[in-house]
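Remarks on the structure that follows.
Residue numbers (this note's numbering): 14 to 185.
Pasting the structure below:
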């Protein structure tokens, strides 16, 4: 018997055996991943779920993690204006991630805000950088201050987190 033929025969059988094993293991992997999506099987197959235990009370899923304050709180306003001659038609103003207003054809917008709100600017990539400033704020707003400037160049840009404080009168 020729050694080369014997060796080739053995290696080809071994290769077929390895390919069958890989196929079976791949099938088992997909099967276990599919079973782990079911809570009943997950508790049997996953040690993490066994050690974690059961929650004492059900968590409320209806309440969002970040919510706007109650309507009883004072609502204030920020006036944002475009300072340079750039076109601001595709720029929106977001409060807590929700679009509130857009610049459109006007150079300034009035944005209603409350204490703790995050004011951002987002939109289409402008032809040139757009300089936006806080041109006026309601009474009681500590941050952002009037005159704060940001440059918008197509990426979401945070104007400020709104901080409302007590109104103090100067000269008293």
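We put the CB at the ideal spot given by N, CA and C, even for glycine.
Since this is a predicted model, take the numbers as computed values, not measurements.
Local conformation of residue i per DSSP, three classes
| i | result |
| --- | --- |
| residue 88 | coil |
| residue 59 | coil |
| residue 38 | helix |
| residue 96 | coil |
| residue 262 | Because the chain in this structure spans residues 14 to 185, residue 262 falls outside the shown range and cannot be described. |
| residue 26 | helix |
| residue 51 | coil |
| residue 45 | helix |
Beta-bridge pairing of residue i - partner residues as DSSP gives them
| i | result |
| --- | --- |
| residue 104 | 136 |
Closest Cα partner of residue i within the set the options
| i | options | result |
| --- | --- | --- |
| residue 162 | 31, 61, 96 and 102 | 96 |
| residue 101 | 144, 61 and 30 | 144 |
| residue 127 | 15, 150, 69 and 134 | 150 |
| residue 98 | 25, 139 and 56 | 139 |
| residue 129 | 173, 31 and 23 | 173 |
| residue 135 | 164, 159 and 37 | 164 |
| residue 169 | 152, 29, 30 and 109 | 109 |
| residue 131 | 171, 160, 32 and 167 | 171 |
| residue 157 | 31, 89 and 141 | 89 |
| residue 59 | 46, 17 and 69 | 46 |
| residue 93 | 28, 25, 142 and 133 | 133 |
| residue 176 | 34, 91, 17 and 29 | 91 |
Residue i at chain B interface by Cβ criterion, 8 Å
| i | result |
| --- | --- |
| residue 65 | As a matter of chain content, chain B is missing from the structure shown, which is built from one protein chain. |
Report task. Give, in chain order, every unbroken run of the beta strand (DSSP E) that is at least 3 residues long and sits entirely within the stretch 109-176. Result -> 111-115, 121-126, 131-136, 143-150, 154-156, 162-165 and 170-174
Requested in this report: Count the C-beta pairs between the stretch 109-124 and the stretch 49-68 that are closer than 8 Å, then say yes if the count reaches three, no if not.
Outcome: no
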